[in-house]
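Visitor: Take 2 as the starting number for the sequence shown in the working numbering and just add one per residue. For each residue, glycine too, the CB sits at the ideal point set by N, CA and C.
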Amino acid sequence: MTGTLGTVPAELAGKLVTPDDRRYRLLRSTYTTVGHPTAVVLPQSADDVAAALRLAREAGLRVAVRSGGHGLSGSGTNNGGLVIDLSALHRVDVLDRSSRLVRVEAGARWAQVAQALAPHGLAISSGDHGNVGVGGIATGGGVGWLVRQYGLTVDHIRAVEVVLPDGTAVRADAATDPDLLWVMRGAGAGAGIAVAFEIEATELRDVGLAQLAVAVDPAGETLRRWAAVMAQAPRELSTAVTLSRQDVTTAFITAVVATDSPAFIRDAVEPLLGIGDALAVQAHVVPYTELVPSAHLHANSGQMPSSTTNGLLTDMTPDAARALVAASTAPDPVLIQLRSLGGASHDPDPSSMAFAHRHQNTLVVASAFPPNDRATIADAWPSIVPYTDGAYVNFESAPDKDTFARAYPGPTGTRVTDLWNRYDPDGVLRSRPPA
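(1) Could you pull the start and end residues of the beta strand (DSSP E) that Pro288 belongs to?
(2) For Arg375, which residues from the same chain have a beta carbon less than 7 Å from its beta carbon, with the 5 sequence-adjacent residues on both sides left out?
(3) For Ile200, which option in Gly143, Val93, Val103 has the closest C-alpha, if you only look at C-alpha atoms?
(4) Sorted by chain position, which residues of the same chain lie with C-beta nearer than 6 Å to Val35's C-beta, five sequence neighbours on each side aside?
(5) Across which residues does DSSP place Phe253 in a beta bridge pair?
(6) Taking the straight line between their C-alpha atoms, what separation do you get for Ala357 and Pro351?
(7) To the nearest angstrom, how far is the alpha carbon of Ala379 from that of Ala214?
(8) By how many angstroms is the C-alpha of Pro10 removed from the C-alpha of Lys16?
(9) Under 8 Å Cβ to Cβ from Tyr25, same chain only, skipping five residues before and after it: list those, please.
(10) With DSSP as the reference, please indicate the residues paired to Gly344 in a beta bridge.
(11) Work out the CA separation of Thr389 and Arg323 for me, nearest whole Å.
(12) Taking only the alpha-carbon atoms, compute the straight-line gap between Ala264 and Gly187 and give it to the nearest angstrom.
(13) Helix, strand or coil, according to DSSP, for Glu204 in the structure here?
(14) Using a Cβ-Cβ cut-off of 7 Å (strictly less than) and excluding sequence neighbours within five positions of Ala355, which residues of its own chain qualify?
(15) Going by CA-CA distance only, name the one from Leu336, Gly70, Leu430, Pro387 that's closest to Val366.
(16) Which residue's Cα is closest to the Cα of Arg101: Leu292, Ala47, Ala119?
(17) Which residue from Thr223, Arg359, Pro179, Thr250 puts its Cα closest to that of Arg149?
(18) Kindly indicate which three-state DSSP category Thr3 falls into: helix, strand or coil?
(19) So, using beta-carbon positions, are Leu238 and Ala269 closer together than 8 Å?
(20) For a test of the three-state rule: what should DSSP assign to Thr315, helix, strand or coil?
(21) Cutting at 7 Å between CB atoms, please list the residues of its own chain near Leu298, excluding the five before and the five after it.
(22) Just the C-alpha distance for Asp425 and Arg58, rounded to the nearest angstrom, thanks.
(23) Buried or exposed for Ala190, please, with buried defined as at least 16 other CB atoms from any protein chain shown within 10 angstroms of its CB.
(24) Pull the bridge partners of Leu17 from the DSSP assignment, please.
(25) Is the separation between the beta-carbon of Arg68 and that of Leu87 shorter than 8 Å?
(26) So is Val429 buried or exposed if we call it buried at 16+ other beta carbons inside 10 Å?
(27) So, is Ser295 buried or exposed, given that buried needs 16 or more other C-beta atoms within 10 angstroms?
(28) Can you list, in chain order, the stretches of the alpha helix (DSSP H) that have 4 or more residues and sit fully within the stretch 380-428?
(29) Output the distance between the C-alpha atoms of Val50 and Thr318, rounded to the nearest integer angstrom.
(30) Whether or not the stretch 243-251 and the stretch 161-170 are in contact is what I'm after, with contact meaning three or more pairs of Cβ atoms, one per stretch, closer than 8 Å; do they touch?
(31) Spell out the partners DSSP gives Leu238 in its beta bridges.
(32) Would you mind listing the alpha helix (DSSP H) stretches within the stretch 101-176 that are 4+ residues and don't spill past its ends, in chain order?
(33) Helix, strand or coil, according to DSSP, for Ser368 in the structure here?
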């Protein structure tokens, strides 16, 4: 739907940015996608969000919702529609220190959350970049630096304040509208606009941070040894691996240990030194805020166009490892990133929320960049996908029926579709095809 603005609701006075506004250039786009919306709304309350939805409906404008703008699909902007930018909703409050319950508004960035919680000795495992917005992760999943110790962000959401597509503001928790809470934890983008979350944080101040560079063999045995180490690792250890081809194929490993004990950090990281020839190693204790620093905060202007897809691995089989190395070292390579799962990410019942993937051990993310990014992904990914078992919705730049089925398999997908149709029968927020 495209159109022009009609009568602007009084609630939105001073909160509407159109192309003739000097702020428009910094608000029209996301991290991956340059947009040309008719207008961007900067709501300051749930009532403002409802007014923005009413304006879009009356003007016949397609709606895009943005918390931080790092969504790889670019769904946080559009051409000719209305963007609801939640960045003014960024409060972070500790509601109950004894139970570690915090309230985080959807437009906050994770750097802001980390900074706000640090004086209280608390942290929330989120994404791996401080500029990422809370709303996208907290409605999709949340595979962060503490994922094996803390689990996913959605695992600790106790309530969500939501504006439904019809403009109704509701609070969903286990006792009040549990169906809405269920779908908002993993598939919220198609059900409503989250404006705030109540999240149970964890006690944490400092963490161990180690960075390794390890040579990778063509058969991928290095990756298999990494996976074997992680299968036996303490929950406190989470790792992310990036494969890069320079003179030799190298695995750049970032290891985060959720403790400030030097002895524990050393014992947790040491097995990683045995997976291959280590080219460089460094380790130190840092505040958690250093993992998602305020230095990450920036405006998004479409500066990182790319094509990305992903899959979850249960086992790092020889064939899977070989395919990952081959894709990263091909004449037209893709960027392969691996993120360790397991530990606390396996604890929830798969049916307890819309994020149902609770047995897989590795998240594989494949990215390519212009000018041939789509063709590169299309060529490389088919060799990897046979070894995958599911997918994570937030690392997909071209969502379609197939990627929906991988992200929400079987009964989960059926329930997600039913709830999207219940809460958003007109498809106002339906940027991702349900079926």
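Guide: According to the structure data:
(1) Indexing the sequence shown from 1 puts residue 288 at position 287. Membership of Pro288 in the beta strand (DSSP E) is indicated by the continuous run 279-288.
(2) The residue you call residue 375 lines up with position 374 of the sequence shown. Excluding the 5 residues flanking it on each side, Arg375 has same chain C-beta neighbours closer than 7 Å at Ser308, in chain order.
(3) As a working note, residue 200 is residue 199 in the sequence shown. The candidate whose alpha carbon is nearest that of Ile200 is Val103.
(4) As a first step, residue 35 is located in the sequence shown; it is residue number 34 there, counting from the start. Excluding sequence neighbours, Val35 sits near Gly303.
(5) On the sequence shown, position 252 is the one that residue 253 refers to. In DSSP, Phe253 forms a bridge with Ala214, Thr243.
(6) Residue numbering aside, residue 357 sits at position 356 when the sequence shown is read from its first letter. Residue numbering aside, residue 351 sits at position 350 when the sequence shown is read from its first letter. If you take the alpha carbons of Ala357 and Pro351, they lie about 4 Å apart.
(7) For the purposes of this step, residue 379 is identified with residue 378 of the sequence shown, where counting begins at 1. For the purposes of this step, residue 214 is identified with residue 213 of the sequence shown, where counting begins at 1. Approximately 29 Å between the Cα atoms of the pair.
(8) To locate residue 16, count along the sequence shown from 1; it is residue 15. To locate residue 10, count along the sequence shown from 1; it is residue 9. Roughly 10 Å between the two C-alpha positions.
(9) For this step, residue 25 is matched to residue 24 along the sequence shown. Sequence-distant Cβ neighbours of Tyr25 in its own chain, meaning closer than 8 Å and more than five residues away, are Val18, Thr19, Val41.
(10) Here residue 344 refers to the residue found at position 343 when the sequence shown is read from its first residue. Among the bridge pairs identified by DSSP, Gly344 is matched with none.
(11) Your numbering for residue 323 matches position 322 in the sequence shown. Your numbering for residue 389 matches position 388 in the sequence shown. Cα-Cα distance, rounded: 14 Å.
(12) Within the sequence shown, residue 264 is the residue found at index 263, counting from 1. Within the sequence shown, residue 187 is the residue found at index 186, counting from 1. Cα to Cα, Ala264 sits roughly 36 Å from Gly187.
(13) Taking the sequence shown and counting its residues from 1, one reaches residue 204 at position 203. Glu204: strand per DSSP, three-state reduction.
(14) Residue 355 sits at position 354 when you count from the first residue of the sequence shown. So the qualifying residues of the chain are Trp183, Val184, Arg186, Gly187, Ala188, Tyr409, Thr413, Val417.
(15) Stepping through the sequence shown from its first residue, residue 366 is reached at position 365. Checked all of Leu336, Gly70, Leu430, Pro387; the closest Cα to Val366 is Leu336.
(16) The residue labelled residue 101 in the question sits at position 100 within the sequence shown. Of the candidates Leu292, Ala47, Ala119, the one whose C-alpha sits nearest the C-alpha of Arg101 is Ala119.
(17) Your numbering for residue 149 matches position 148 in the sequence shown. Check the Cα spacing between Arg149 and each of Thr223, Arg359, Pro179, Thr250: the tightest is with Arg359.
(18) Here residue 3 refers to the residue found at position 2 when the sequence shown is read from its first residue. Note on Thr3: pLDDT 47, under 50, position unreliable in the model; no value is reported.
(19) Translated into the one-based positions of the sequence shown, residue 238 becomes position 237. Translated into the one-based positions of the sequence shown, residue 269 becomes position 268. Yes, the Cβ-Cβ distance between Leu238 and Ala269 is below 8 Å.
(20) Taking the sequence shown and counting its residues from 1, the one referred to as residue 315 is at position 314. Assigned with DSSP and collapsed to three states, Thr315 falls in coil, not helix or strand.
(21) Taking the sequence shown and counting its residues from 1, the one referred to as residue 298 is at position 297. In its chain, beyond the 5 residues on either side, Arg110, Ala112, Gly131, Asn132 have a beta carbon closer than 7 Å to the beta carbon of Leu298.
(22) As a working note, residue 425 is residue 424 in the sequence shown. As a working note, residue 58 is residue 57 in the sequence shown. Just so you know, the alpha carbons of Asp425 and Arg58 end up roughly 13 Å apart.
(23) Numbered from its first residue, the sequence shown carries residue 190 at position 189. Label assigned to Ala190: buried.
(24) What you label residue 17 is simply residue 16 of the sequence shown in a count that begins at 1. Beta-bridge analysis with DSSP links Leu17 to Val42.
(25) As a first step, residue 68 is located in the sequence shown; it is residue number 67 there, counting from the start. As a first step, residue 87 is located in the sequence shown; it is residue number 86 there, counting from the start. Strictly speaking, residue 68 in this sequence is Ser, with Arg absent from that position. Yes; because the gap between Cβ atoms is below 8 Å, this pair is in contact.
(26) For the purposes of this step, residue 429 is identified with residue 428 of the sequence shown, where counting begins at 1. With 16 or more Cβ atoms within 10 Å of its Cβ, Val429 is classed as buried.
(27) What you label residue 295 is simply residue 294 of the sequence shown in a count that begins at 1. Taking a 10 Å sphere around the C-beta of Ser295, we find fewer than 16 other C-beta atoms and assign the residue as exposed.
(28) Look at the stretch 380-428 and you find these whole runs of alpha helix (DSSP H), each 4 residues long or longer: 402-408, 411-424.
(29) Taking the sequence shown and counting its residues from 1, the one referred to as residue 50 is at position 49. Taking the sequence shown and counting its residues from 1, the one referred to as residue 318 is at position 317. Approximately 47 Å, taken between the alpha carbons.
(30) Fewer than three Cβ pairs drawn from the stretch 161-170 and the stretch 243-251 lie within less than 8 Å of each other, which leaves the two stretches out of contact.
(31) Against the sequence shown, residue 238 aligns to sequence position 237. Under DSSP, the beta-bridge partners assigned to Leu238 are Val258.
(32) For the stretch 101-176, the continuous alpha helix (DSSP H) assignments of 4+ residues that do not extend past its boundaries occur at 111-118, 135-141, 148-151, in sequence order.
(33) Counted from its first residue, the sequence shown places residue 368 at position 367. Ser368 sits in a strand when the DSSP states are folded into three classes.
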